[in-house]
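Chains A and B, in that order, give the protein sequences.
Numbered according to the working numbering, the first sequence terminates at residue 183, and the numbering increases by one at each position without gaps.
Numbered according to the working numbering, the second sequence terminates at residue 183, and the numbering increases by one at each position without gaps.
All remarks here apply to the structure that follows.
Number of protein chains: 2
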Amino acid sequence: MAVSREQIVTRAIEHLNQAPAASMAEIAQAAGVHRATLHRHFATREELIVALGWRAHEAWQRVHDEIGLDAALRTGERVEETLHALLVAHIEVAEEHGFALTEHLVGINPELVRRAEELEAREIELIEACQRAGVLRADLPPRWVSNTVYGLLVAVRESLRRGDVARRDTSRLLLETFLRGTS
Amino acid sequence: MAVSREQIVTRAIEHLNQAPAASMAEIAQAAGVHRATLHRHFATREELIVALGWRAHEAWQRVHDEIGLDAALRTGERVEETLHALLVAHIEVAEEHGFALTEHLVGINPELVRRAEELEAREIELIEACQRAGVLRADLPPRWVSNTVYGLLVAVRESLRRGDVARRDTSRLLLETFLRGTS
DNA sequence: CGAAATTGCGACATCCTTGTCGCATTCTAT
DNA sequence: ATAGAATGCGACAAGGATGTCGCAATTTCG
Chain A
1 MAVSREQIVT
11 RAIEHLNQAP
21 AASMAEIAQA
31 AGVHRATLHR
41 HFATREELIV
51 ALGWRAHEAW
61 QRVHDEIGLD
71 AALRTGERVE
81 ETLHALLVAH
91 IEVAEEHGFA
101 LTEHLVGINP
111 ELVRRAEELE
121 AREIELIEAC
131 QRAGVLRADL
141 PPRWVSNTVY
151 GLLVAVRESL
161 RRGDVARRDT
171 SRLLLETFLR
181 GTS
Chain B
1 MAVSREQIVT
11 RAIEHLNQAP
21 AASMAEIAQA
31 AGVHRATLHR
41 HFATREELIV
51 ALGWRAHEAW
61 QRVHDEIGLD
71 AALRTGERVE
81 ETLHALLVAH
91 IEVAEEHGFA
101 LTEHLVGINP
111 ELVRRAEELE
121 AREIELIEAC
131 QRAGVLRADL
141 PPRWVSNTVY
151 GLLVAVRESL
161 RRGDVARRDT
171 SRLLLETFLR
181 GTS
């Protein structure tokens, strides 16, 4: 059967997760499609990368939807549960779209950058709400806390890659470490 | 005056920190040396990258020396101070040799990988010693804790790059977050 | 001062990647 | 069944990066 455009994106993401510097030829092969066909869907490499970026951002947005981030920000209620749900959900997304954690090519597209900033801003709002509610300590800059989440996701990714921890332990380790630290 | 081999390595590191995908031509220019001369010092790109890797590992080893990691491991004393010193020192090294945090090319050289594992093993020993001494909680896998440090260094790097935190605050933020978490 | 080593410089070949095209084949939908 | 669209395939050109070389100029060192 034919390989849809969406499938190509999916498989490209999978492959780029393992070989971040893969060429268009490699990606095409991994997607089960001829190189020319890949170019018919995405005229240039950058176009493909940007498409992957959008896919990742859609998943990110879906996370925000599913955990009810908007409602929490509006009402100021259930911020703690929302924060926990956000962290756990991030693990899944980061595992699948982790390439975006490193891929600097995504940072080229202005719209994508703006979208990322919007999404990040919402999470920072949540962090601030948690600080006001006493769920998170207020003496740490919100943006630092946000970057901490990012860094710990990198740690999760690395731990899984090296086989240091079991997948089912990652939620607990991330939450515990993020919230209570290591001492 | 002539540019020594060591200077080339230093400047190459500086430049690759800002442009991780720089070509040999770019690196040569940044080092103030003709491209042919760069190739006379390092026949191939991989050879250069490996040299940068060794440089980074030397700095890493020096950190272990300066904080007296060996003595702490042997005697089991002052493990807490040693841990703190290690974290703070890592910030400096990570800032200078941060490219190695991402650079996958370093992972090609077997000797370099082995050296990194040795150095990492010593830090894990320290973590375990801290757990035995009650300085670190014992319910987290030592390797996870080690990866946490790595992840938080990524967070520091990112925070500085984006201007989210002041340089002089990084030590405090890293220590606080690592030890006591965010809640 | 003079020989040896090092560097700058430009040229060259090679390889890899990217992007495009024409054509034959296959699939799809009417 | 058949027309139109999508795909596979191979070839091509262009561009960039890598690595090498010879030669002239410069530096270094005895």
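Idealized CB from N, CA, C, for every residue including glycine.
Remember, it's a predicted structure, so these values are computed and weren't measured experimentally.
What residues of chain B sit near P141 (chain A), judged by a beta carbon separation below 9 Å?
Correct list: S159, D164, V165, D169 and L173.
Would the segment 139-159 of chain B count as touching the segment 156-164 of chain A if we require 3 or more Cβ pairs under 8 Å?
Look at the beta carbons and you see the segment 139-159 of chain B touching the segment 156-164 of chain A: at least three pairs across the two are nearer than 8 Å.
Report all residues from its chain with a CB closer than 7 Å to the CB of Y150 (chain A); omit the five preceding and five following residues, and keep chain order.
Nothing listed; no residue qualifies.
Given that G184 (chain B) touches chain A, what residues does it touch there, using C-beta distances under 9 Å?
The shown model of chain B, from 1 to 183, leaves out residue 184 (chain B), and the question about it has no answer.
Nonlocal neighbours in the same chain, by C-beta distance under 7 Å from L136 (chain A), ignoring five residues either side:
The residues are I127, C130 and V145.
Simplified DSSP assignment, three categories, for F184 (chain B):
Only positions 1 to 183 of chain B appear in this structure, which leaves residue 184 (chain B) out of reach.
Among A:W60, A:T37, A:E81 and A:S23, whose alpha-carbon lies nearest the alpha-carbon of E92 (chain A)?
Comparing alpha-carbon positions, the option among A:W60, A:T37, A:E81 and A:S23 lying closest to E92 (chain A) turns out to be A:W60.
Note down, in chain order, all residues in the segment 144-155 of chain B with a beta-carbon under 7 Å from any beta-carbon belonging to chain A.
Within the segment 144-155 of chain B, the residues whose Cβ lies closer than 7 Å to some Cβ of chain A are W144, V145, N147, T148, Y150, G151, L152, V154 and A155, listed in chain order.
Any beta-carbon of chain B closer than 7 Å to the one on T177 (chain A)?
Nearest CB-CB separation between T177 (chain A) and chain B: below the 7 Å threshold.
Can you check whether the C-beta of L69 (chain A) is within less than 7 Å of a C-beta belonging to chain B?
The Cβ of L69 (chain A) sits no closer than 7 Å to any Cβ of chain B.
Give me the chain A residues within the contact set of S183 (chain B), using Cβ-Cβ distance strictly less than 7 Å, ordered along the chain.
Ordered by position in chain A, the residues that pass the 7 Å Cβ test against S183 (chain B) are V135, L136, R137, L179 and R180.
For E77 (chain B), which of helix, strand or coil comes out of DSSP?
Assignment of E77 (chain B) by DSSP, reduced to helix, strand and coil, places it in the coil class.
Where in the segment 8-52 of chain A do unbroken runs of the alpha helix (DSSP H), each at least 4 residues long, occur, reported from the N-terminal end onward?
DSSP runs (the alpha helix (DSSP H)) wholly in the segment 8-52 of chain A: 24-31 and 35-41.
Which residue from A:A155, A:H34 and A:Q18 puts its Cα closest to that of R5 (chain A)?
A check of alpha carbon separations from R5 (chain A) across A:A155, A:H34 and A:Q18 identifies A:H34 as the nearest.
Sufficient close CB pairs (3 or more, under 8 Å) joining the segment 168-182 of chain A to the segment 26-41 of chain B
Here the segment 168-182 of chain A does not lie against the segment 26-41 of chain B, with fewer than 3 beta-carbon pairs under 8 Å apart.
Sorted by chain position, which residues of the same chain lie with C-beta nearer than 7 Å to T82 (chain A)'s C-beta, five sequence neighbours on each side aside?
Within its own chain, the residues whose Cβ lies closer than 7 Å to the Cβ of T82 (chain A), once the five positions on either side in sequence are excluded, are I67, G68, L69, A72 and L126, listed in chain order.
V63 (chain B) to D65 (chain A) span [Cα, whole Å]:
A straight-line Cα-Cα distance of about 45 Å links V63 (chain B) and D65 (chain A).
Rounded to a whole number of angstroms, what is the C-alpha to C-alpha distance between E158 (chain A) and A51 (chain A)?
Looking at the two C-alpha atoms, the distance is approximately 25 Å.
Assuming A56 (chain A) contacts V156 (chain A) under a Cβ cut-off of 8 Å, what Cβ separation, rounded to an integer in Å, is found between them?
That pair is no contact at about 16 Å.
Starting from the Cα of L112 (chain A), find the closest Cα among A:E46, A:T148, A:Q18 and A:Q7 and give me that residue.
Closest option to L112 (chain A), Cα to Cα, is A:E46.
L152 (chain A) beta carbon less than 7 Å from that of S183 (chain B)
No, these two residues do not count as a Cβ contact at 7 Å.
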